[in-house]
Amino acid sequence: MANNLSPSTSIQKALDIINCFTTKHPSLFLEDIVMKVNIPKTTVFRTLVQLEEYGYIKKVILEGKSSYSLGFAFLEKGQLVKSNLGIRELAKSEMLRIREETNLTVQLAIRDHAEAVYIEQFESWRPIRIYPNIGRRAPLYAAACPRVLLAYMDNAEQAILLKGFEFKKFTNTTPIDHETIHNILNEIRRDGFSISKGELFEGTTALAVPIFNPITDEVIASLSIVGMEQDFEQDYENYIDLLQSAAESIANKLNKKDV
325 MANNLSPSTS IQKALDIINC FTTKHPSLFL EDIVMKVNIP KTTVFRTLVQ LEEYGYIKKV
385 ILEGKSSYSL GFAFLEKGQL VKSNLGIREL AKSEMLRIRE ETNLTVQLAI RDHAEAVYIE
445 QFESWRPIRI YPNIGRRAPL YAAACPRVLL AYMDNAEQAI LLKGFEFKKF TNTTPIDHET
505 IHNILNEIRR DGFSISKGEL FEGTTALAVP IFNPITDEVI ASLSIVGMEQ DFEQDYENYI
565 DLLQSAAESI ANKLNKKDV
């Protein structure tokens with residue numbers, strides 16, 4: 325069936341329908357929803373079908389009629405929001421431990437649309453400090469920490485973002501070629517970590533790993549260490565092992581909080 329509604333209108337109507345469900349009325353028949361939203365019955369039905377396809381609406385048959393309620397997709401997304409809100413606190417001890425062992429700056433970032441946002445940072449005690457501050461944003465295609473978030477994204481969503489980026493070179497080493505970035509993302513998924521050299525700031529090196537939501541198995545944050553090139557040993561394996569161990573520990577803490 326063709327949809328004659330504009331995307332914005334369709335979204336508004338979908339939200340109006342979702343808002344019909346409350347703790348007092350967790351389940352509703354089609355006629356009940358039509359009365360509440362004052363939208364044509366055919367439009368309500370079509371929107372319910374679309375929401376059901378994505379898991380946001382659940383349909384059961386009661387008394388020979390279709391009854392609708394909110395689907396499990398809301399539970400999954402709710403868990404993701406809880407994880408993002410609590411992860412900064414839960415990651416703190418692991419981040420401080422990494423700084424203690426490496427004397428490198430440790431960062432935690434989450435995704436906000438097409439950008440990474442650094443939500444926590446513990447700086448190295450070394451005198452040179454040129455790293456992103458808390459609240460700083462960076463495009464997902466640039467540098468180790470943001471690119472981890474892009475690499476583990478749903479393939480279709482990742483393709484849309486890559487197509488929509490207005491690529492900008494922050495330094496001479498910032499990759500802005502679509503094919504190059506795509507290959508780097510595949511390597512991150514294969515290897516489980518990301519490395520960048522001087523992509524946001526000249527002379528720096530960063531290593532990053534994903535932190536997984538223990539319930540949905542989605543990547544909810546990236547954990548990284550960053551310093552000047554000379555601060556790192558040639559073999560990055562020990563740093564990567566340290567980051568991955570910390571990321572696993574943070575995920576286990578999230579699981580114990582039942583987020």
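Okay, so the sequence shown: first residue is 325 according to the working numbering, each after it adds one. Ideal placement from N, C-alpha and C gives every residue a C-beta, glycine not left out.
Contact between Ile-385 and Leu-394 fails: their C-beta atoms lie close to 17 Å from each other, not under 8 Å. With fewer than 16 other Cβ atoms inside 10 Å of its own Cβ, Ser-390 counts as exposed. The beta-bridge partner set that DSSP reports for Thr-528 consists of Met-552.
Boundaries cannot be given for Asp-559, as no alpha helix (DSSP H) includes it and DSSP labels it neither H nor E. Partner residues in the beta bridge of Leu-352, as assigned by DSSP, are Tyr-392. Inside the stretch 422-500, DSSP marks whole alpha helix (DSSP H) runs of 4 or more residues at positions 468-475, 479-488, from first to last along the chain. Assignment of beta-bridge partners to Ser-520 by DSSP yields Ala-530.
Around the C-beta of Pro-364, fewer than 16 other C-beta atoms lie within 10 Å, and the residue is accordingly described as exposed.
With fewer than 16 neighbouring CB atoms inside 10 Å of its own CB, Gly-527 falls in the exposed class. For Ile-512, there is no enclosing beta strand (DSSP E); the enclosing alpha helix (DSSP H) covers residues 502-515. Of the other Cβ atoms in all chains shown, 16 or more fall within 10 Å of the Cβ of Tyr-476; this residue is therefore buried. By the criterion of a C-beta distance shorter than 7 Å, Gly-379 is surrounded in its chain by Gly-395, Phe-396, Ala-397, once the five residues flanking it on both sides are discounted. Per DSSP, Glu-542 lies in no alpha helix (DSSP H) and is assigned neither H nor E.
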